[in-house]
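The structure appears right after this line, and notes come after that.
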Amino acid sequence: MVKPIKRINVFQGGAGSEFIGVQPNDGSLSTGLPLSKDASLLTCASSTDNETKKPLRVPPAKFAIANTFSSKYDQDARDAFLGEGSHCVVKICRCKQTGIQYAVKMVRSEDQEMFVHCEREFKIMQRLKGHPNLVQGIEYIVEKQRGRGYIVMERILGQSILHYVHEKGPAKDEGVAKHIMRAVLSGIEYMHEMGVVHRDMNPTNVFIHDVQDCLPIVKILDFNVSKLILSGFPGKSGAETDKFDENSLDKIMKGMSIGESEEARAGFRYSMFTKTGTPLYTAPEMQLATKYSENVDCWGAGTILYLLMLGYVPFGDTQIASLMKKVSIGDYPREGPAWDALSLEVRDLILRLMCVDPSQRLSAGEALKHPWFHKGAATGATVSQTMMEID
C-alpha cells in the first residue's frame, strides 16, 4: 500500500471534477485510488458533490514515472566543485547514454520558490539557445519530494576573465582583447533582442578558454539574476558611432551624470527596478535603486574591457558606502602611465560604455560599431600628445 505524503497533485479532470493524486517517496506518481478494469479509468471525487463518484478517463501520460537525475547522469564524488553558492553547488556530470560531460547546478532547498527560480533560469537559457558565446542549457530535472533540482548545462572550460587577467596580466595584444569584447557584446546584443537582461555582467561571469593556434573561446554564463521580459519599449535608435571624434573623450568625462527624465529612458526596450547583481560591477542607476534599462549590461561590459586593458577593476573599494558614491559619479581611475598607454579608440569605448548617464551610454549594437573594432591602434606617444591637446 502506498503511503500518501502531505503534498498532493491536483489535475483538472473535467466539468466540475478533479483528480487527486499523491506522490510516494520514490518519485513516482500514484492515484491513491483503485484502478478499474480499464487502466485509464479512475474513480474521482466531484468537486461539487463529494459523495458522488464518477469515472474519469485520464490520459496515461499523466502517470508516467518522473525521470530522476541519477537515472540519466553519473557523478564522481571525487570531482571538485566547479562553483558553489549558499543553496547550490556546480559539479561535473556524465550522460549515461552518450558519455558526454556536462556541468550540473544542484540545488537543495525546502523552499518551493527556489525551484520556481531554477525553472525560470533554465527557461532563460533555453530562450538563448544557439548563440556561440552564451552557455547552453541541456535540461532541468526537479525532484521536489527530495528537495532537489538539477540544471544540466554545457560544461565551460577555461577560467573567468578576472582570473585570466590576474594570471596573465592585462591584454598585450589589442587584437585578442577585441576578439573577447566582440564576443561579449555580441552575446549581450542577442540577449537583449531575445528579451533577456543579464543584470550581473561582470568579469567573473565571462569565461575564456585558450585554444592552441586559435583565438580563445568566450562564454557568458550565470543567468541566476537575469530577467526575462517578453514585452517592452521599442528599440533604442541611438546615434551611430562609425565616425570617431577625438573630442568625445573630453565631452564624456565632463558630462557624466545620471539622467532622471522618462524621456531620456524612453528609447530603451525594457524597464526594471530590482536592485541586484555584484556591487563592484553594477551600473550607477542600479546602485541607486532607480529605474533602469537593459543598458546596465553594457556598463558591465565596460568594466570587463577596463580590466582587460588595464589589469585591475575600475572600482576596488570594499566599503559599500564609499563604493556606491564612486560608482554614482563614475569616479574610476582615468589617468597615469597605464591609461595613457592605451589607444585613443579603446579609451573612448571604455568611457562610452561606463558612462553614468544611461541615455548616453552605448548599447551593445552601437558598441560593436565603434572604430576600435575596425581601426588600428594609435601609438602611446600619439595618444599622450592628443590628450595634452584635449586638456
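Counted from 1, the sequence shown has number 134 at position 134 by full-length UniProt numbering; the numbering is strictly sequential.
Positions of the beta carbon are idealized from the N, C-alpha and C atoms, including for glycine.
Bear in mind the structure is a predicted one, so any value in this text is a computation, not a measurement.
Residue range 101-108 is occupied by the beta strand (DSSP E) that includes methionine 106. Counting the other Cβ atoms within 10 Å of the Cβ of phenylalanine 273 gives fewer than 16, which makes it exposed.
Pairing asparagine 133 with serine 186 gives a Cβ-Cβ distance under 8 Å.
Apart from the 5 residues on each side of it in sequence, glutamate 139 sits with its Cβ closer than 6 Å to the Cβ of Val152 in its chain, given in chain order.
Here arginine 94 is bridged, per DSSP, to Asp74, Gln101. Residue state for histidine 117 is assigned as helix, using DSSP reduced to three classes.
Only residues of its own chain outside the window of five on either side were considered, and among them Glu345, Val346, Leu349 have a CB closer than 6 Å to the CB of tryptophan 372, listed in chain order.
Taken through DSSP and simplified to helix, strand or coil, glutamate 366 comes out as helix.
Per DSSP, the unbroken alpha helix (DSSP H) holding histidine 163 starts and ends at 161-168. Within the model, the alpha-carbon separation for glycine 311 versus glycine 169 is close to 6 Å. Closest in C-alpha terms to serine 226, from the list Gln212, Ala183, Tyr102, Thr276, comes Thr276. Shown here for glycine 302: same chain residues with a beta carbon closer than 7 Å to its own, the five before and five after excluded, namely Ile350, Leu353, Met354 in chain order. Closest by C-alpha distance to proline 279, out of Ile100, Thr68, Gly316, Val218, is Gly316. Cβ-Cβ distances below 6 Å link phenylalanine 69 to Ile141, Tyr150 in the same chain, with the five nearest sequence neighbours on each side left out; the list follows chain order.
Classified as exposed, cysteine 214 has fewer than 16 neighbouring CB atoms from the shown chains inside 10 Å of its CB. Judged by their CB atoms, glutamate 189 and alanine 364 are nearer to each other than the 8 Å cut-off. Between the stretch 109-129 and the stretch 177-184, the count of C-beta pairs closer than 8 Å stays below three; the two stretches do not touch.
Its Cα nearest to that of leucine 342, the residue Leu308 stands out among Leu308, Lys326, Gly85.
With fewer than 16 other Cβ atoms inside 10 Å of its own Cβ, histidine 87 counts as exposed.
Rounded to the nearest whole angstrom, the CA to CA distance from glutamate 154 to leucine 221 is 10 Å. Each of Lys291, Pro358, Thr290, Ile217 was checked against the Cα of cysteine 298, and the nearest Cα belongs to Pro358.
Lysine 375 sits exposed, since fewer than 16 C-beta atoms from the chains shown fall within 10 Å of its C-beta. The residue among Glu335, Asp111, Val296, Glu110 with its C-alpha nearest the C-alpha of valine 327 is Val296.
Beta-bridge partners assigned by DSSP to arginine 148: Arg108, Glu143.
Each residue's CA atom was taken as its position, placing isoleucine 92 and aspartate 340 some 43 Å apart.
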